[in-house]
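Numbering-wise (my numbering), the sequence shown opens with residue -13 and increments by one. Taking it in order: structure first as C-alpha cells, then the write-up.
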Amino acid sequence: MATPDRQATKLALAHALSAAERGLAVIPLSRTKLPALRSPHHDDPPPAGPRCHGQCGRLGHGVYDASADPARIRTLFAAAPWATGYGIACGLPPYHLIGVDLDTKSATDSSAALRELALRHLFTIPETVVVLTPSGGRHLWLTGPPDVTVPNSAGRLAPGIDIRGAGGYLVGPGSRTDHGVYTTAPGTAELAPAPCPPTLLRLLLPPPRPSHPTPPVSGDHGRGLVQFVLSAHEGQRNTRLFWAACRAYENGLGPALETPLTEAALHTGLSESEARATITSAARMTGHRP
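Right, here's the structure in full:
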C-alpha cells in the first residue's frame, strides 16, 4: 500500500468536493490513476451471476462508488488516505458526461484526427471544459442526452482517441499522479460542459443491428451514386463520397459499390486511404461493417 501523502490527499479532497458542488460524482484515485480503494471482492471466487456494483454496501467498487454527496465523499477519502487524485464518473446526471480523451502516446496526432473527423462529418467541437494531462494530452468534456448510453471505447473513433462513457471516469483537474498534475486549460475552468454535437454522438454509439434485410434496388441507382461522386468539385469530394456511400449501404449496395465508389473518388483527386476511410465511416454510421 502506498505511503499516505497527507497534503496531496487534502488537496485532492478539496478539488473533489469542489467538483461535487457542480453536481459531478467523484471517487478517490491513487497516483496510478486507478481507484484508490481495493475491491472487497478481490479474493472472492468469480461470481456465477452479475458482478457486485456496490449492492453489498461496502466500499471499493470503483466508479460505482461515485457520489456528489459531500459526506459520502469524505467517507471515501477517509478510507483511502493515500489518494492523491479523484475521478469524475461519466454518464451520470445531471450532465451525463462524455469524455473525449486525445492521447499523445499513439503515433497518430489525435487532435488532427479529431479535426479530420469533424471536417468529414460536418460537425464542430464546441467551447467546453478542457483538462490538460501531464503527458500533453487533452480531455474534452461533453454532455449527452439522458436517454442515450455512450459506451467506453479505445481507438474506435480514431487512433489515439479514447471515449469515456457510462461506467468510465475522467481524472479530475487538480489530481496528482506519478507523471504530474492534471490542470484545466486556461479559459475553460468556468465553462459548463457543452452538448455533444449530434453527428459526433452518432459516431460514438455502437451501430444498430438491422431489423430486417434491405430490399434490393436497381442497378441504375448504383450507377447514379458513382456518377454523383465523379461530378464532385474540389471541396465537395469527401462530402459527396460520404453521402453516396451512406445511400449505398442503406440500400443494400454497400459491398458491391465499395470498389466503384473508391475508383470514382480517386478520379476526383482523393487518395485511396482518404476514400476508404470515408466509406468505412459511412458503413459504420449506417450500421454496417465494410
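Note that the Cβ used here is the ideal one computed from N, Cα and C, for glycine as well. Keep in mind that this is a model prediction, so the values were computed, not measured.
Look at H107 here: in three-state DSSP terms it is helix. Distance between G123 and R(-8), taken at the CA atoms: about 28 Å. In the assembly as shown, C76 is a buried residue. Its beta-carbon has 16 or more other beta-carbons within 10 Å. In the three-state DSSP reduction, V215 falls in the helix class (H, G or I). When DSSP reads this structure, S53 sits in a beta bridge with V12.
Counting along the chain, no alpha helix (DSSP H) covers S139; the unbroken beta strand (DSSP E) around it starts and ends at 139 to 144. Using a Cβ distance threshold of 8 Å, P14 and A57 do not count as a contacting pair.
Note on geometry: alpha-carbon atoms of C38 and H28 lie some 11 Å from one another. Within the DSSP secondary-structure output, I84 pairs in a beta bridge with L128. Burial state of P159 is buried, judged by a 10 Å Cβ sphere holding 16 or more other Cβ atoms. The Cβ-Cβ distance between G151 and N138 falls below 8 Å. When the five nearest sequence neighbours on each side are left out, the beta carbons in the same chain lying within less than 6 Å of the beta carbon of P112 are those of A180, in order along the chain. In this structure the stretch 29 to 48 does not lie against the stretch 93 to 105, because fewer than three pairs of beta carbons, one per stretch, are closer than 8 Å.
When the five nearest sequence neighbours on each side are left out, the beta carbons in the same chain lying within less than 7 Å of the beta carbon of R262 are those of T248, in order along the chain.
In this structure, L(-1) keeps its C-beta atom at 8 Å or more from the C-beta atom of H107. The beta strand (DSSP E) runs lying completely inside the stretch 146 to 187 and spanning 3 residues or more are 147 to 150, 155 to 157, given in chain order.
Take G154, set aside five residues on each side of it, and the residues of its chain with a beta-carbon closer than 6 Å to its own are C76, N138, in chain order.
Rounded to whole angstroms, the separation of the alpha carbons of G85 and T264 is 24 Å.
For V134 against Y72, the beta-carbon gap comes to about 26 Å, at or over 8 Å, which does not count as contact. Taking 8 Å as the cut-off, the Cβ atoms of L105 and G146 do not count as close.
In this structure, A242 keeps its C-beta atom at 8 Å or more from the C-beta atom of V215. Counting along the chain, G240 sits inside the alpha helix (DSSP H) bounded by residues 240 to 254.
Between L256 and N224, the CB-CB gap stays under 8 Å.
G46 places its beta carbon 8 Å or farther from that of S16.
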